[in-house]
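>
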Amino acid sequence: MQFNNTNGTQKAKFYLGGAKSAFLEFLSNRFRFRNNADNAFLNVSVGNIPLTGSDNNDAVALMDLKGRVADISIAFNGGSPASVVNGSFAFCHTSGGSYTAGYIYYGKSSAWVQMPTNVCTTITTRTAISGTISLDANAIYAYEGSSWVKKGRGADFGWRCIAVPFTFSSSFPLSSTTLVPANSVVTRAIVNITTGFTLGSTLKVEVNSTSPITLMDSSAGDFDSDTANQYDSDGVVTPLTAGAVKVSKTGTMTDGEGIVYVLFGETES
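For what it's worth, the working numbering labels the leading residue of the sequence shown as 145, then goes sequentially.
1) What residues are listed by DSSP as bridge partners for Arg304?
2) Do the CB positions of Val228 and Ala255 come within less than 8 angstroms of each other?
3) Name, in chain order, the residues that DSSP records as bridge partners for Ile248.
4) For Ala372, I'd like the list of residues in its chain whose CB is within less than 7 angstroms of its CB, leaving aside the five on either flank, ordered along the chain.
5) Assuming Tyr250 contacts Phe233 (C-beta within less than 8 angstroms), just tell me the rounded distance between them.
6) Is it buried or exposed for Asp300, if we count other Cβ within 10 angstroms and need 16 for buried?
7) Tell whether a beta-carbon distance below 8 angstroms holds between Val329 and Thr382.
8) In its own chain, which residues sit with a C-beta less than 6 angstroms from the C-beta of Ile284, not counting the 5 before and 5 after it?
9) May I ask you to report which of helix, strand or coil DSSP gives Met397?
10) On the DSSP letters alone, give me the boundaries of the beta strand (DSSP E) that Asp208 sits inside.
11) Helix, strand or coil for Ser362? Go by DSSP, reduced to three states.
12) Please report how far the alpha carbon of Ser355 lies from the alpha carbon of Thr385, in whole angstroms.
13) Which of the three DSSP states, helix, strand or coil, is assigned to Gln374?
14) Taking the straight line between their C-alpha atoms, what separation do you get for Thr261 and Ser319?
15) What three-state label does DSSP hand Gln146 in the structure shown?
16) Run the CB neighbour count on Arg174, radius 10 Å, all protein chains shown included, and call it buried at 16 or more, exposed below.
17) Name the residue from Ser345, Val380, Tyr405 whose alpha carbon lies nearest to the alpha carbon of Thr398.
18) Since Phe177 contacts Val190 with CB under 8 angstroms, what's their CB separation in whole angstroms?
19) Tell me which same chain residues have a C-beta within less than 6 angstroms of the C-beta of Val204, skipping the five on either side of it?
20) With distances taken from CA atoms, which of Gly275, Tyr243, Leu279, Asp361 is nearest Ile216?
21) Output the distance between the C-alpha atoms of Ile403 and Asp378, rounded to the nearest integer angstrom.
22) Assuming Ala245 and Thr276 make a contact with CB atoms under 8 angstroms, what is their CB distance in whole Å?
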């Protein structure tokens, strides 16, 4: 049966799919989607917010809600986009192909879908991003006008300490998982020898940036690796590129244990 020129119904409920199916109800100036027993609400699927032409009253899908503060776990150059991970957010750091630098993309149905900038206004970063647009790791950014502006200092800045424990049987050279950020200021290095290492062997501590910076070296007399003690260095250095804290050795070791601490912070003016 087909109805023409019908404005609607005066009934408050409109059943869909048969008398025992769900119904659409208009109550207290709201549309309600209810089950047949009228004892539970139903889920409603809507389209995502459009890239342009959206309205303040548009309904929001889960994808848009998640994108309100997008957790960026993937970054790529638009000329060679990363493999799609459904349910993840990606940041295009360099324009290329159909992707634009600074835009956020969501993995949906095995495709990268661009997020509207009026939906995705805040992002957090898991790792550092480098490209035409570079972002710090573990930081919060807000979209202002046409650029991402960092808010707060981020976990990679402020006063921090990297610790690298080691023993005579460690697989040298050892490198920290966390990097000392580029242009940070290393203010102190501590070598705490808890058990002296074999006489004749040496230990060296570096920031392994593009141009490695030696912090303490037992062969240069900075500390006695064979004597249990805490040895400090207050020399200030600034690596131009990020680098791990690296502990290396020379000679044969049959005994010894210790830990290295490297303290650093962000510069401010």
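No residue lacks a Cβ here, since even glycine has one placed at the ideal position from N, Cα and C.
Reading it off the structure:
1) Phe408
2) Contact flag set, yes.
3) According to DSSP, which records beta bridges pairwise, Ile248 is partnered with Phe235.
4) Ile337, Thr338, Thr339, Gly340
5) Taking C-beta atoms under 8 angstroms as the contact rule, Tyr250 and Phe233 qualify, at a distance of about 6 angstroms.
6) In this prediction, Asp300 scores a pLDDT of 49, lower than 50, which makes its location untrustworthy; no coordinate-derived value is stated.
7) yes
8) Within the same chain, and ignoring the five residues on either side of Ile284 in sequence, the residues whose Cβ sits closer than 6 angstroms to its Cβ are Thr268, Lys295, Gly296.
9) coil
10) Here Asp208 belongs to no beta strand (DSSP E); instead the alpha helix (DSSP H) covers 206 to 211.
11) The three-state secondary structure of Ser362, taken from DSSP, is helix.
12) 8 angstroms
13) strand
14) Cα-Cα distance, rounded: 40 angstroms.
15) coil
16) exposed
17) Ser345
18) About 11 angstroms; that fails the 8 angstroms criterion.
19) Hits under 6 angstroms: none found.
20) Leu279
21) A direct Cα-to-Cα measurement between Ile403 and Asp378 gives close to 17 angstroms.
22) 5 angstroms
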